[in-house]
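In what follows, a structure is listed as structure tokens, so that the remarks can point back to it.
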Amino acid sequence: MSGGPKIVLSGVTKRFGERVILDGVDLSIEPGESLAIIGQSGSGKSVTLKCILGLIRPDAGSILVDGESVVGLHGKDQERVRAKFGMLFQGSALFDSLPVWRNVTFGLTQGRSRDTAQMKKVAEENLERVGLDGKILNLRPNELSGGMQKRVALARAIAPRPEIIFFDEPTTGLDPIRADVINNLIVSLVEDLGVTALTITHDMASARKIAHRVAMLYQGRIIWEGSRDRLYDSDNPYVDQFVRGDADGPIR
Amino acid sequence: MTVQAIGVAGIAFLASVGRVLIALLAGVGRVARFGFQTIVRGLSPPYYPGRLLEQLLHIGWFSLPVVGLTAIFTGAALAQQIYTAGSRFSAQSTVPAVVVIGIVRELGPVLVGLMVAGRVSSSMAAELGTMRVTEQMDAMTTLRTDPYRYLLAPRLFAAVIALPLLVLVANAIGIMGGYLLAVHKLGFNAANYLTMTRKFISADDFEMALAKAAVFGFFIALMGCYHGYRTEGGAAGVGRATTDAVVSAFILILSSNLIITVIAFG
Numbered sequence: 006m007s008g009g010p011k012i013v014l015s016g017v018t019k020r021f022g023e024r025v026i027l028d029g030v031d032l033s034i035e036p037g038e039s040l041a042i043i044g045q046s047g048s049g050k051s052v053t054l055k056c057i058l059g060l061i062r063p064d065a066g067s068i069l070v071d072g073e074s075v076v077g078l079h080g081k082d083q084e085r086v087r088a089k090f091g092m093l094f095q096g097s098a099l100f101d102s103l104p105v106w107r108n109v110t111f112g113l114t115q116g117r118s119r120d121t122a123q124m125k126k127v128a129e130e131n132l133e134r135v136g137l138d139g140k141i142l143n144l145r146p147n148e149l150s151g152g153m154q155k156r157v158a159l160a161r162a163i164a165p166r167p168e169i170i171f172f173d174e175p176t177t178g179l180d181p182i183r184a185d186v187i188n189n190l191i192v193s194l195v196e197d198l199g200v201t202a203l204t205i206t207h208d209m210a211s212a213r214k215i216a217h218r219v220a221m222l223y224q225g226r227i228i229w230e231g232s233r234d235r236l237y238d239s240d241n242p243y244v245d246q247f248v249r250g251d252a253d254g255p256i257r
Numbered sequence: 195m196t197v198q199a200i201g202v203a204g205i206a207f208l209a210s211v212g213r214v215l216i217a218l219l220a221g222v223g224r225v226a227r228f229g230f231q232t233i234v235r236g237l238s239p240p241y242y243p244g245r246l247l248e249q250l251l252h253i254g255w256f257s258l259p260v261v262g263l264t265a266i267f268t269g270a271a272l273a274q275q276i277y278t279a280g281s282r283f284s285a286q287s288t289v290p291a292v293v294v295i296g297i298v299r300e301l302g303p304v305l306v307g308l309m310v311a312g313r314v315s316s317s318m319a320a321e322l323g324t325m326r327v328t329e330q331m332d333a334m335t336t337l338r339t340d341p342y343r344y345l346l347a348p349r350l351f352a353a354v355i356a357l358p359l360l361v362l363v364a365n366a367i368g369i370m371g372g373y374l375l376a377v378h379k380l381g382f383n384a385a386n387y388l389t390m391t392r393k394f395i396s397a398d399d400f401e402m403a404l405a406k407a408a409v410f411g412f413f414i415a416l417m418g419c420y421h422g423y424r425t426e427g428g429a430a431g432v433g434r435a436t437t438d439a440v441v442s443a444f445i446l447i448l449s450s451n452l453i454i455t456v457i458a459f460g
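The listed protein sequences correspond, in order, to chains G and X.
For the first sequence, the residue numbers in this note's numbering are 6 to 257.
For the second sequence, the residue numbers in this note's numbering are 195 to 460.
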């Protein structure tokens, strides 16, 4: 592992047809740092995450993880880099054909049948970390509430002990209390596991609680970066309008 | 209309035909590449034998009731039709021969293909499409599991294995349907009917039926997987993928059946 930033994006560009989604994104995340990217729906936040994960290939620009370029990696190299990541998807993205314990251990088994008793134990340990007990091990995801699904997805993301975790809108669709429970869990997991975290959200309470630093993505570019304490005092009219949720302002 | 205007209209027409042709060829290329990737990745480790068995059960075992019912009714109806038509020129005795040849060479493979396409292609496209739009496939990829190996290849291989077995069963049941109707309603002698049936069928006919079935199985799974994997646009997209999978599987089954039949018997 290099001593520099954990993740560096330089001039990352992505178009879908005529639509420019990312227009030269520059971003750097230090090891152990928790960064939140805020921005409107459709501003390219999810595409940024997917470019880093190699799910979408950027049209131009470079992405370095631990100093290694990850754009265009294939096969074993891509797998080795992906092993560093865990991800909590917006809609949880649990595999609905599998029971909870197989969902949680999927990253360890890659879907293959392994020692069931051992894997159930591992799943239980990870569920405990996110405040759930072993009673739900054999349930299917559709038998769980939205908040529980998020926690199971969180347990799945941390089970392989990744170095970097991405959180895609972690509190979307949850009531304020459950959202805060998820925020607290993320904060404690990031601290306990010492991981680097990248969260995308338009929930300002979540961004302030989870992140050390916040960046705003607007029209495919990072237009502001600063510490979370400066989020409501950014001197940037776009950030001011966004965090206050005003209809009037430069963002139309 | 001036000559120049006719020329412009002609060029516009040719351009639109060209666009359709290019789009069609591009589509064929995408499907071929997708099928090739699925086979190549499916043949390299890691392997998922459990997933293959699961799909064999889903495609093969659970299709048996619908395949059996279709075969028995079709075999019986075919016997009645041949008997009625044949009686106009005293050719009722051809019933066993026409039933067995019709079922084994054509109706068995095609009807099984269409019934399984309706049942399996649609469910594959719906399941995979839902996984796509709910980001389950992305989640699988981030968990270092290749959807081609885990989701697609077991479906493709299972369909290629299951369809010939289903066609064997359907052929047997279809012939039995014709036999039951001929013996119990049309007054055929049971022993003579079976002798005639055996006389007019050869191992080549069964081999042809099995080859057709394997091709149909490939197309059924390929269309279900292709349309499901490429689903975009939420619930509406899943609906579109399901319809496209079934329609394209039907077209491929019927057209490939004609091509194989013409090559084999033409």
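Glycine included, every Cβ here is placed at the ideal spot set by N, Cα and C.
Just so you know, these numbers come straight off a predicted model, no measurement behind them.
Inset, instruction - Compare the beta carbon distance of Arg156 (chain G) and Leu137 (chain G) with 8 Å and say whether it is the shorter of the two. - result: The answer is yes: Cβ separation under 8 Å.
Legend entry - For Asp64 (chain G) and Ala203 (chain X), the rounded distance between their alpha carbons: Approximately 38 Å, taken between the alpha carbons.
Legend entry - Alpha carbon of Leu416 (chain X) to alpha carbon of Leu350 (chain X), nearest angstrom: Approximately 6 Å between the Cα atoms of the pair.
Legend entry - Within chain G, partners of Arg338 (chain X) - CB distance below 8 Å: Here the neighbours are Glu84, Arg87, Ala88, Gly112 and Gln115.
Legend entry - Interface flag, Met6 (chain G) vs chain X, CB-CB below 8 Å: Residue placement at Met6 (chain G) is flagged as unreliable, the pLDDT there being 48, under the threshold of 50; a coordinate-derived value is accordingly withheld.
Legend entry - Within-8 Å CB hit, Leu58 (chain G) to chain X: By this cut-off, Leu58 (chain G) is an interface position.
Inset, instruction - Enumerate in chain order the residues of its own chain whose CB-to-CB distance from Lys89 (chain G) is below 7 Å, with the five nearest sequence positions on each side excluded. - result: Hits under 7 Å: Val70, Pro167, Glu168 and Ile169.
Legend entry - Span of the beta strand (DSSP E) around Phe172 (chain G): Counting along the chain, the beta strand (DSSP E) containing Phe172 (chain G) begins and ends at Ile169 to Asp173.
Inset, instruction - May I ask you to list, following chain order, the residues of the segment 227–246 of chain X that have a beta carbon less than 7 Å from some beta carbon of chain G? - result: When C-beta distances to chain G are compared with 7 Å, the residues of the segment 227–246 of chain X below that value are Pro240, Tyr242 and Gly244, in chain order.
Inset, instruction - Run down chain G in chain order and give the residues with a C-beta less than 9 Å from the C-beta of Ala403 (chain X). - result: Neighbours of Ala403 (chain X) on chain G: none; closest Cβ ~33 Å, over 9 Å.
Inset, instruction - State yes or no: is the beta carbon of Ala333 (chain X) nearer than 8 Å to at least one beta carbon in chain G? - result: At least one C-beta of chain G is nearer than 8 Å to the C-beta of Ala333 (chain X).
Inset, instruction - Check whether the Cβ of Tyr420 (chain X) lies closer than 8 Å to any Cβ atom in chain G. - result: Closer than 8 Å to the CB of Tyr420 (chain X) there is not a single CB belonging to chain G.
Inset, instruction - Would you decide whether Lys81 (chain G) is buried or exposed? Buried here means 16 or more other CB atoms lie within 10 Å of its CB. - result: It is exposed - the Cβ of Lys81 (chain G) has fewer than 16 other Cβ atoms within 10 Å.
Inset, instruction - On a CA-only basis, which of G:Ile26, G:Ala164, G:Gly231 and G:Glu133 is nearest Met153 (chain G)? Give me that one, please. - result: For Met153 (chain G), the closest C-alpha among the options G:Ile26, G:Ala164, G:Gly231 and G:Glu133 is that of G:Glu133.
Inset, instruction - Using a Cβ-Cβ cut-off of less than 9 Å, list which residues of the segment 308–332 of chain X approach chain G; keep chain order. - result: Among the residues of the segment 308–332 of chain X, those with a Cβ less than 9 Å away from any Cβ of chain G are Glu321, Thr324, Met325, Thr328, Glu329, Gln330, Met331 and Asp332, in the order of the chain.
Legend entry - Endpoints, the beta strand (DSSP E) within which Lys19 (chain G) is located: Ile12 to Phe21 is the span of the beta strand (DSSP E), which, as asked, contains Lys19 (chain G).
Inset, instruction - Could you give the DSSP three-state label for Thr204 (chain G): helix, strand or coil? - result: Looking at Thr204 (chain G) - three-state DSSP - the assignment turns out to be strand.
Inset, instruction - Could you check what DSSP says for Ala28 (chain G) in three-state terms: helix, strand or coil? - result: In the sequence as displayed, the identity of residue 28 (chain G) is Asp instead of Ala. It is a strand residue.
Inset, instruction - Could you work out which residues of chain X lie near Met92 (chain G), taking near to mean beta carbons separated by less than 9 Å? - result: By Cβ distance, chain X contributes Asp332, Ala333, Thr336 and Leu337.
Legend entry - Phe90 (chain G) - partner residues in DSSP beta bridges: In the DSSP output, where bridge partners are listed per residue, Phe90 (chain G) has G:Ile169.
Legend entry - CA-to-CA distance, Thr232 (chain X) to Leu375 (chain X), given in whole angstroms: When rounded, the distance between both Cα atoms is 45 Å.
Inset, instruction - Would you kindly check if the distance between the Cβ of Val361 (chain X) and the Cβ of Gly302 (chain X) is under 8 Å? - result: For the pair Gly302 (chain X) and Val361 (chain X), the CB atoms are nearer than the 8 Å cut-off.
Inset, instruction - Please name the residue, chosen from G:Pro146, G:Val52, G:Gly16 and G:Ala212, that lies closest to Asp185 (chain G) on a Cα-to-Cα basis. - result: The shortest C-alpha to C-alpha distance from Asp185 (chain G) to any of G:Pro146, G:Val52, G:Gly16 and G:Ala212 is the one to G:Ala212.
Legend entry - Where the segment 262–283 of chain X meets chain G: residues whose CB sits under 8 Å from a CB there: When CB distances to chain G are screened at a threshold of 8 Å, not a single residue of the segment 262–283 of chain X falls below it.
Inset, instruction - Verify the contact flag: Pro341 (chain X), CB atom, against every heavy atom of the ligand ATP, threshold strictly below 7 Å. - result: Questions concerning the ligand ATP fall outside what the structure shown contains, since it holds no ligand whatsoever.
Inset, instruction - Give me whichever residues DSSP pairs with Tyr223 (chain G) in a beta bridge. - result: Tyr223 (chain G) is bridged by DSSP to G:Arg226.
Legend entry - Residue-level contact to chain X via CB, Phe172 (chain G), 8 Å cutoff: Judged by the 8 Å Cβ criterion, Phe172 (chain G) is not in contact with chain X.
Legend entry - Proximal chain G residues relative to Tyr344 (chain X), where beta-carbon distance stays under 7 Å: Among the residues of chain G, those whose CB is under 7 Å from the CB of Tyr344 (chain X) are Gly116, following chain order.
Legend entry - Delimiting residues of the beta strand (DSSP E) encompassing Ile43 (chain G): Residues Ser39 to Ile43.
Legend entry - Neighbour flag for Ala65 (chain G) against chain X, beta carbons, 8 Å: Taking Cβ atoms only, chain X never reaches closer than 8 Å to Ala65 (chain G), which makes this a no.
Legend entry - Exposed unless 16 or more other CB atoms sit within 10 angstroms - verdict on Pro242 (chain G): Pro242 (chain G) comes out exposed.
Inset, instruction - My understanding is that Ile414 (chain X) touches Val261 (chain X), with C-beta atoms under 8 Å, so please give their C-beta distance in whole angstroms. - result: Going by Cβ atoms, the distance from Ile414 (chain X) to Val261 (chain X) rounds to 13 Å, so no, they are not a contact pair.
Inset, instruction - Answer with yes or no whether the minimum CB distance from Phe100 (chain G) to chain X is below 8 Å. - result: At a cut-off of 8 Å between C-beta atoms, Phe100 (chain G) counts as an interface residue with respect to chain X.
Inset, instruction - Would you identify the three-state DSSP class for Arg434 (chain X), choosing helix, strand or coil? - result: If DSSP states are grouped into helix, strand and coil, Arg434 (chain X) belongs with the helices.
Inset, instruction - Please state whether DSSP places Leu113 (chain G) in a helix, a strand or coil. - result: It is helical.
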